[in-house]
Amino acid sequence: MPYTEENVQKHLAVNKKREMDKTMKLARSSNLKEKMVVRGKKRKNDDHLFMDNIHVPMQKYANIKIPPRLKKHLVDCEVFTRMGKLVRLPRSPNVNDIFDRYLRHRKREDESLADSLREIMKGLQSYFDKALPVMLLYRIERRQYEEAIADDVTPSDVYGAEHLLRLFVKLPELLCYVEIEEETFTELMQKVNDFLKWLRTNQRAFFRWDYYAAKEIERRANKRDD
1 MPYTEENVQK HLAVNKKREM DKTMKLARSS NLKEKMVVRG KKRKNDDHLF
51 MDNIHVPMQK YANIKIPPRL KKHLVDCEVF TRMGKLVRLP RSPNVNDIFD
101 RYLRHRKRED ESLADSLREI MKGLQSYFDK ALPVMLLYRI ERRQYEEAIA
151 DDVTPSDVYG AEHLLRLFVK LPELLCYVEI EEETFTELMQ KVNDFLKWLR
201 TNQRAFFRWD YYAAKEIERR ANKRDD
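Each residue of the sequence shown is one higher than the last, beginning at 1 in full-length UniProt numbering.
In structure tokens form, the structure reads like this:
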């Protein structure tokens, strides 16, 4: 039930309706809040992600523990974006590749977990594909998204670890609108946190310092217009 297409669409629709204040900090639901702002400078509205102002009691938030080393990647990506640079797309490994590698890793350790874990990864992939254009992009990344995503291509085929990590910052808010039994919810949190630990351990394989100036996107767009 938590991972049906209907549920994903429902929760993203709720988010869009509540989109009244897009100047909120990136990680209201975790201790990333202070780390996601470059110290000493006040952020402009255009520097913010398309984050929705969802008023949800803090006690309802999922306990997702993003390791400090992964938080640093979030901060670094924000800094580069504020400098007018974008992650080069398509990414390899992409989000689908990352989930597949994790599944193979866990299957080698305990094959009995394969089916349930596959469903969870499939659900996270669906959340990523639906949430990315709604709330996981900086404004400066919008044109790049429109250029990179075609009708037969999903975000999880194009984007990589840098953008996937943003999903786990927003996931607690998304899960507030899903009806999940306590036992299922606990299992989900365990699997998500285990995935993040694995991602931290293998970060060198997934995070790349491959950025380029956003002005290149503008130049290509202007050429097409001419």
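No residue lacks a Cβ here, since even glycine has one placed at the ideal position from N, Cα and C. The structure presented is a predicted model; accordingly, all values stated were derived computationally and were not measured.
Alpha-carbon to alpha-carbon, residue 188 and residue 148: 31 Å
Using CA coordinates, which residue listed in 206, 210, 80 is at the minimum distance from residue 95? 206
Could you give the distance in angstroms between the alpha-carbon of residue 144 and the alpha-carbon of residue 109? 39 Å
For the putative contact between residue 64 and residue 172, defined by C-beta atoms under 8 Å, what is the C-beta separation to the nearest angstrom? 6 Å
Over the uninterrupted beta strand (DSSP E) stretch that includes residue 87, give me the two end residues. 85 to 87
One question on the structure: do residue 84 and residue 215 come within less than 8 Å of each other, judged by their Cβ atoms? Yes.
Got a sec? Which residues, its chain only, sit under 6 Å from residue 88 by beta carbon, not counting five neighbours each side? 210, 212
Cα-Cα separation between residue 146 and residue 158, rounded to whole angstroms: 12 Å
Would you give the residue range spanned by the beta strand (DSSP E) that residue 214 belongs to? Following the DSSP letters along the chain, one finds residue 214 in no beta strand (DSSP E), marked with neither H nor E.
Assuming contact is defined by CB atoms lying nearer than 8 Å, are residue 91 and residue 160 in contact in what I supplied? Their beta carbons are under 8 Å apart, which means residue 91 touches residue 160 by this criterion.
With DSSP collapsed to three states, give me the class of residue 159. coil
Could you give the DSSP three-state label for residue 227: helix, strand or coil? Outside the shown range of the chain, which is 1 to 226, sits residue 227, and nothing can be said about it.
Would you call the CB atoms of residue 73 and residue 165 closer than 8 Å? yes
Tell me the rounded alpha-carbon separation between residue 134 and residue 127. The straight-line gap from Cα to Cα measures roughly 11 Å.
Does DSSP put residue 120 in a helix, in a strand, or in coil? helix
Since residue 77 is in the alpha helix (DSSP H), which residue starts that stretch and which ends it? 68 to 82
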